Amino acid sequence: MTRILRHLLSACLLLGFAAAAGASPATPKDGVQYQTLPTPQPTDSGKKIEVIEFFAYYCPHCYAFEPMLSAWVKQQGDNIMFRRVHVPRDASVAPQQQLFYTLESMGVLDKYHDKAFAAMHVERLRLNQDEQVFDWAAKAGLDRARFIDTYRSFGVQAKVRRANVMMDAYHISSWPTVVIDGRFLTSPGLANQGASEAGSEAEQQRAALQVMDYLVAKAKADKK
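Residue numbers (my numbering): 3 to 226.
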């Protein structure tokens, strides 16, 4: 191998290592790729690590993150206890938030969660009024009367109020945001902090999952 080729190969390797380091830090830093909440929030997950995603159906970044996040959750298996919290915003988002908690209360969230996302981002339905949500639910195959009763129930209203309280308790200011073990907060945007380049949205999502791996392992070690 000539000296020039050796120099070129070395340069390529260095660039590759630098890019990998920028996209996925081996040891994420508190205050950079993740944040520690000033007041830890209670969890009820036993030996499993609680993982909460704060999201919204209207949010394009949440929609883009969903496939990778779902695959990550499946890969974690019994290692974690995962749940979602639909964030509030204004009156136009309230029907979407109630839609989420209605699906959850009816026990059909796993079947209809992706369909609700697709309704907004593929079918371009606004779902910003109650009747629009009712029409979508009926068209999707849910019993309209049962759905409306659940949608307007005290239980769903209580879940909505709880989500609003959690926004403040967990210091949620953007979404998607993931909280690990009631203590550590990260997101695709946050996980990419300190990288030499901003990276594509998919690269930021992959960086977030790697930070989440680190935080789940850290939280698990702390439980021992």
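All residues carry an ideal CB built from backbone N, CA and C; glycine is no exception. In this text the structure is predicted, and so the values were computed from the model without any measurement.
Quick one: what's got a C-beta closer than 8 angstroms to residue i's C-beta in the same chain, skipping five residues either side?
i	result
Val-167	none
Glu-203	His-63, Ala-66 and Pro-190
Asp-134	In the sequence under discussion, the amino acid at residue 134 is Gln, which differs from the Asp named in the question. Here the set comprises Pro-97, Leu-127 and Arg-128.
Pro-90	Ala-96, Gln-99, Val-162, Ala-165, Asn-166 and Met-169
Cys-61	Trp-177 and Pro-178
For the alpha helix (DSSP H) that contains residue i, what are its first and last residues?
i	result
Arg-164	156–171
Ile-242	Because the chain spans 3 through 226 in this model, residue 242 falls outside it and cannot be assessed.
Val-95	Run containing Val-95: none; DSSP gives neither H nor E here.
Ala-140	132–141
Gly-48	Neither: Gly-48 is in no alpha helix (DSSP H) and is coded neither H nor E.
Gly-191	190–193
Can you tell me whether residue i is helix, strand or coil according to DSSP?
i	result
Arg-185	coil
Gln-77	helix
Gln-35	coil
Glu-199	coil
Val-2	Residue coverage of the chain in this structure runs from 3 to 226, which leaves residue 2 outside it and unanswerable.
Gly-86	The sequence as given places Arg at residue 86; Gly does not occur at that position. Strand.
Thr-29	coil
Thr-179	strand
Pro-42	coil
Tyr-65	helix
Tyr-114	helix
Met-3	Note on Met-3: pLDDT 44, under 50, position unreliable in the model; the coordinate value appears next. In the structure shown, Met-3 sits in coil (DSSP, three-state: anything other than H, G, I, E or B).
Arg-208	helix
Lys-225	helix
Tyr-60	coil
In terms of residues, what are the limits of the beta strand (DSSP E) holding residue i?
i	result
Glu-125	Careful: Glu-125 lies outside any beta strand (DSSP E) and carries neither H nor E.
Val-53	51–57
Assuming the contact rule is C-beta atoms closer than 8 angstroms, residue i and residue j should be a hit. Round their C-beta distance to whole Å, please.
i	j	result
Tyr-103	Val-162	6 angstroms
Gln-99	Ala-165	7 angstroms
Cys-64	Trp-177	6 angstroms
Ser-39	Arg-148	It should be noted that the sequence gives Leu, not Ser, for residue 39. Not really, about 38 angstroms apart at Cβ, beyond 8 angstroms.
Gly-157	Ser-107	6 angstroms
Ala-221	Asp-183	4 angstroms
Tyr-216	Pro-30	5 angstroms
Asp-92	Lys-50	Actually they are not in contact, since the Cβ atoms of Asp-92 and Lys-50 sit about 35 angstroms apart, beyond 8 angstroms.
Here's a check: name, in chain order, each residue in its chain whose Cβ is nearer than 6 angstroms to the Cβ of residue i, leaving out the five neighbours to either side.
i	result
Gly-94	Reading off the sequence shown, one finds Ser at residue 94, where the question assumed Gly. Taken in chain order, the residues that qualify are Asn-130.
Ala-193	Gln-35, Ala-209, Ala-210 and Val-213
Ala-73	none
Gln-2	Nothing about residue 2 can be reported from this structure: the residues present for the chain run from 3 to 226 only.
Ala-120	none
Counting only the same chain and skipping the five closest in sequence on each side, list residues whose C-beta sits under 7 angstroms from that of residue i.
i	result
Ala-200	Asn-194
Ser-47	Met-83
Asp-132	Pro-97
Asp-32	Thr-38
Leu-111	Leu-105
Stretch pair the segment 173–192 + the segment 55–71: three plus CB contacts closer than 8 angstroms
yes
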